[in-house]
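Step one of this worksheet: look at the structure below.
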Amino acid sequence: MSCFTSKYADELAKNAAYIGTPGKGILAADESTGTIGKRLSSINVENVEENRRALRELLFTAPGALQYLSGVILFEETLYQKTAAGKPFVDVLKEGGVLPGIKVDKGTVELNGTNGETFTQGLDGLAQRCQKYYEAGARFAKWRAVLKIGANEPTELAIQENANGLAMYAAICQQCGLVPIVEPEILVDGSHDIKKCAEVTERVLAACYKSLNDHHVMLEGTLLKPNMVTPGSESPKVAPEVIAEYTVRALQRTVPAAVPAIVFLSGGQSEEEATLNLNAMNKLQTKKPWSLSFSFGRALQQSTLKAWAGKEENLKKAQDALLLRCKANSEATLGTYKGDAKLGEGAAESLHVSNYKY
Amino acid sequence: MSCFISKYADELAKNAAYIGTPGKGILAADESTGTIGKRLSSINVENIEENRRALRELLFTAPGVLQYLSGVILFEETLYQKTAAGKPFVDVLKEGGVLPGIKVDKGTVELNGTNGETFTQGLDGLAQRCQKYYEAGARFAKWRAVLKIGANEPTELAIQENANGLAMYAAICQQCGLVPIVEPEILVDGSHDIKKCADVTERVLAACYKALNDHHVMLEGTLLKPNMVTPGSESPKVAPEVIAEYTVRALQRTVPPAVPAIVFLSGGQSEEEATLNLNAMNKLQTKKPWSLSFSFGRALQQSTLKAWAGKEENLKKAQDALLVRCKANSEATLGTYKGDAKLGEGAAESLHVSNYKY
Numbered sequence: 006m007s008c009f010t011s012k013y014a015d016e017l018a019k020n021a022a023y024i025g026t027p028g029k030g031i032l033a034a035d036e037s038t039g040t041i042g043k044r045l046s047s048i049n050v051e052n053v054e055e056n057r058r059a060l061r062e063l064l065f066t067a068p069g070a071l072q073y074l075s076g077v078i079l080f081e082e083t084l085y086q087k088t089a090a091g092k093p094f095v096d097v098l099k100e101g102g103v104l105p106g107i108k109v110d111k112g113t114v115e116l117n118g119t120n121g122e123t124f125t126q127g128l129d130g131l132a133q134r135c136q137k138y139y140e141a142g143a144r145f146a147k148w149r150a151v152l153k154i155g156a157n158e159p160t161e162l163a164i165q166e167n168a169n170g171l172a173m174y175a176a177i178c179q180q181c182g183l184v185p186i187v188e189p190e191i192l193v194d195g196s197h198d199i200k201k202c203a204e205v206t207e208r209v210l211a212a213c214y215k216s217l218n219d220h221h222v223m224l225e226g227t228l229l230k231p232n233m234v235t236p237g238s239e240s241p242k243v244a245p246e247v248i249a250e251y252t253v254r255a256l257q258r259t260v261p262a263a264v265p266a267i268v269f270l271s272g273g274q275s276e277e278e279a280t281l282n283l284n285a286m287n288k289l290q291t292k293k294p295w296s297l298s299f300s301f302g303r304a305l306q307q308s309t310l311k312a313w314a315g316k317e318e319n320l321k322k323a324q325d326a327l328l329l330r331c332k333a334n335s336e337a338t339l340g341t342y343k344g345d346a347k348l349g350e351g352a353a354e355s356l357h358v359s360n361y362k363y
Numbered sequence: 019m020s021c022f023i024s025k026y027a028d029e030l031a032k033n034a035a036y037i038g039t040p041g042k043g044i045l046a047a048d049e050s051t052g053t054i055g056k057r058l059s060s061i062n063v064e065n066i067e068e069n070r071r072a073l074r075e076l077l078f079t080a081p082g083v084l085q086y087l088s089g090v091i092l093f094e095e096t097l098y099q100k101t102a103a104g105k106p107f108v109d110v111l112k113e114g115g116v117l118p119g120i121k122v123d124k125g126t127v128e129l130n131g132t133n134g135e136t137f138t139q140g141l142d143g144l145a146q147r148c149q150k151y152y153e154a155g156a157r158f159a160k161w162r163a164v165l166k167i168g169a170n171e172p173t174e175l176a177i178q179e180n181a182n183g184l185a186m187y188a189a190i191c192q193q194c195g196l197v198p199i200v201e202p203e204i205l206v207d208g209s210h211d212i213k214k215c216a217d218v219t220e221r222v223l224a225a226c227y228k229a230l231n232d233h234h235v236m237l238e239g240t241l242l243k244p245n246m247v248t249p250g251s252e253s254p255k256v257a258p259e260v261i262a263e264y265t266v267r268a269l270q271r272t273v274p275p276a277v278p279a280i281v282f283l284s285g286g287q288s289e290e291e292a293t294l295n296l297n298a299m300n301k302l303q304t305k306k307p308w309s310l311s312f313s314f315g316r317a318l319q320q321s322t323l324k325a326w327a328g329k330e331e332n333l334k335k336a337q338d339a340l341l342v343r344c345k346a347n348s349e350a351t352l353g354t355y356k357g358d359a360k361l362g363e364g365a366a367e368s369l370h371v372s373n374y375k376y
């Protein structure tokens, strides 16, 4: 059978399509405890549960922000947390018309015999975990596979192993009612040019969709979270229109029309860069049978974090900063962003961290 | 490299897009000498070169017909033939705005150890042959891979071998300036239902596009010639709308948007059935980032052959019959066919031949 239909088939297709609603996108707030610790320490805030909870409450209750979001990805701890007043975060999101999502992978592990390439773990007991997450209110999941570009990378082994892992995860999610976001991130690190990134992206995405087909995943109930096609971090930058052209062409060559939406990762781009690039893609006049939106972590939260600095008196300022970026990215999904978002401190700052691990 | 650009890249993309012009399609007139012999004998005509030439002249000079065609596939012998008045067929076609195409495969051979599954031969010296065909005026090529549905078929071996052969052929064609039509025909023979056909079609097409990516084929410069998704020949028929739904969904799940056009084979359907099914697909309101057209052999020529019966006095009658079917199929590519084509003798007759070999 090419496509094994789960009892959740209609619901999966409906939720996946909803996430791709024009004008909306995803806030990736699923930083693991270790990673959010780095963010908090950059603004001199202690990495304790209460601070992690307070930060996420700041984000999810920011006035006016939720209308621009169709989903928020959560870390497991956050799925069960509440506002200070005692309201579960999942209820805050649902009431705001936002689907809660859950990160289900357990990080990357080096592939033996390779030059630092990795695979992603998290398949053990995944079905049981997904069932519990569904019961807790999650309706989509995320699993991040990581590849890199180098003289001999990515190798065929790394591509196959990561594509296979993504497909196994996706099939299990669908059996449990969670829309799987398929994320094959090709790191921006390197001195390669945009053509090289395009070639690798096309090769990786082709492998992913072959695997998904092999594993009987129903594409109508999935989302793709790819990198944009850009020059390497050590190479000269190019205009958003160029990034848009190479990115959309790579997707046209590999992503079947049945996929309802593509939600880009920001991968170290500054808030403003990420928005401008997404906007350029949506302005492009060409075949785009999937909606093009965002699933941004750093590129939505950077200004907000800096404005907050962990101080309650900065709450409004921080929430205003988030609203600004959400609205800008919402416009970018419609191709109507004018680049006029009042730039918060840090909005134009590169968020690139070498060999990024969550 | 994901996509190896040949010096013909722009020309390939332009020609492939032209073939997909709404309102136009392909006449498959590439029957091998043996196969055309069977057609001729069915109307009591001797299988000699002059009769083969006369039949093709009848087709290519039929008044009003060429406007509905963007391409005609020829057998090698025909590529070098002329009208009785001495005009090369390729010139007749070009002047009519029709691209000449050429069948380049050399038929199927059984795969050892399988239950009657086959691979397609023709790779030896293919580059040289393609160069000569290009010089003779050909601008696209065709290669037919054949798979069948059975208790254990198609096997992974058959799928891989045929997908690989198609990809090798396609890459060579592009290097020589010929747009490759990729034809992975899944025979209609069998008692399976439409769901089974859909599953197999999705699996086969996914394998084809993975192989094309592996072989660095530029999808913008290719065409796909698949079977429609239907019940097996021994199963009850279903409505055109059902065939349309299953077929288009299978394509949405596997064919990247970069492919400009999909030109269906008729595979034994009657002339009228094939037209009605194509029309239903073009009426369907759903994502279709490639145009949906025809590449019909039997389903365009059946009435014409019967009307001709090899007699010169029947020329006009025969050419009128061809015009009727070309116009009907042209309307079907636009979703405007009303089913009112004056049915020629045999138009509603099934053209199914068990285990069809050209």
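For the protein sequence lines, the chains are A and B, in the order given. Heads up: the first sequence begins at 6 in our numbering, then just goes up one per residue. Heads up: the second sequence begins at 19 in our numbering, then just goes up one per residue. Glycine included, C-beta positions come from ideal geometry on N, C-alpha and C. Quick caveat: nothing in here was measured; it's all calculated off a predicted structure.
{"query": "Residues in the region 279-296 of chain A having any Cβ partner in chain B nearer than 8 Å", "result": "K292, K293 and P294"}
{"query": "Contact set for B:L97: own chain, Cβ-Cβ below 8 Å, skip 5 residues either direction", "result": "F107, V108, P118, I120, Y151, A154, G155 and A156"}
{"query": "Nearest-angstrom beta carbon gap, A:V260 and A:L310 [assumed within contact, 8 Å]", "result": "The pair is not a contact, with the Cβ atoms about 32 Å apart (cut-off 8 Å)."}
{"query": "Residue-level contact to chain B via CB, A:A33, 8 Å cutoff", "result": "no"}
{"query": "Same chain, Cβ closer than 6 Å to B:A268, five either side skipped, listed in chain order", "result": "A216, T219, E220 and V247"}
{"query": "Chain A residues whose Cβ lies nearer than 7 Å to that of B:V247", "result": "Under the 7 Å cutoff, chain A gives no residues; its nearest Cβ is about 11 Å from B:V247."}
{"query": "A:G142 and A:Y13 closer than 8 Å at C-beta", "result": "no"}
{"query": "Contacts of A:N232 in chain B (Cβ-Cβ under 8 Å)", "result": "Ordered by position in chain B, no residue passes the 8 Å Cβ test against A:N232, which lies about 15 Å from the chain."}
{"query": "The beta strand (DSSP E) enclosing A:I107, as first and last residue numbers", "result": "L104 to K108"}
{"query": "Straight-line gap, A:S300 to A:E36 (C-alpha atoms, nearest Å)", "result": "13 Å"}
{"query": "For B:Q193 and B:G239, believed in contact at Cβ under 8 Å, the rounded distance", "result": "11 Å between Cβ atoms; not a contact."}
{"query": "Within the region 57-137 of chain A, ranges of the beta strand (DSSP E) (whole runs, at least 3 residues)", "result": "74-79, 104-108, 113-115 and 123-125"}
{"query": "Any chain B beta carbon closer than 8 Å to A:K215", "result": "yes"}
{"query": "Neighbourhood of B:I44 by C-beta distance below 6 Å, restricted to the same chain and skipping five residues each side", "result": "G89, V281 and S313"}
{"query": "Residue of A:S47, A:I41 and A:S75 minimising C-alpha distance to A:R61", "result": "A:I41"}
{"query": "is_contact[B:Q270, chain A] using C-beta, thresh 8 Å", "result": "yes"}
{"query": "Contacts of B:P307 in chain C (Cβ-Cβ under 7 Å)", "result": "Absent from the structure is chain C; the protein chains it does hold are A and B."}
{"query": "Nearest to A:E276 (by Cα), restricted to the options A:L327, A:V247 and A:P105", "result": "A:L327"}
{"query": "Minimum Cβ-Cβ distance from A:E190 to chain B less than 8 Å", "result": "no"}
{"query": "Interface partners of B:K228 on chain A, CB under 7 Å", "result": "A211 and K215"}
{"query": "B:P106, DSSP secondary structure in three states", "result": "strand"}
{"query": "Own chain residues within Cβ distance below 8 Å of B:L294, not counting five before or after", "result": "P258, A350, Y355 and G357"}
{"query": "Buried or exposed by the 16-neighbour rule on C-beta atoms within 10 Å, applied to B:K25", "result": "exposed"}
{"query": "Reduced DSSP secondary structure (H/G/I, E/B, other) of A:A176", "result": "helix"}
{"query": "A:R258 and A:E207 closer than 8 Å at C-beta", "result": "yes"}
{"query": "Cβ-Cβ distance between A:Y251 and A:I199 below 8 Å", "result": "yes"}
{"query": "Near-chain B residues of the region 241-262 of chain A - C-beta to any C-beta below 9 Å", "result": "R254, A255, L256, Q257, R258, T259, V260, P261 and A262"}
{"query": "Residue-chain proximity (A:E161, chain B), Cβ-Cβ < 8 Å", "result": "no"}
{"query": "Cβ pair A:T338, A:N287 closer than 8 Å", "result": "yes"}
{"query": "Beta-carbon spacing of A:L116, A:S75 below 8 Å", "result": "no"}
{"query": "Within-8 Å CB hit, A:N218 to chain B", "result": "yes"}
{"query": "Same chain, Cβ closer than 8 Å to B:F137, neighbours up to 5 away in sequence not counted", "result": "T126, V127, L129, A163, A176, E179, N180 and G183"}
{"query": "Closer than 8 Å at the beta carbon, the chain B residues around A:R134", "result": "By Cβ distance, chain B contributes nothing, its closest Cβ being about 28 Å from A:R134, past 8 Å."}
{"query": "Which of helix, strand or coil DSSP assigns to B:F93", "result": "coil"}
{"query": "Any C-beta of chain A under 8 Å from that of B:K360", "result": "no"}
{"query": "Neighbourhood of A:L320 by C-beta, 8 Å cutoff - its chain only, sequence neighbours within 5 removed", "result": "L63 and W313"}
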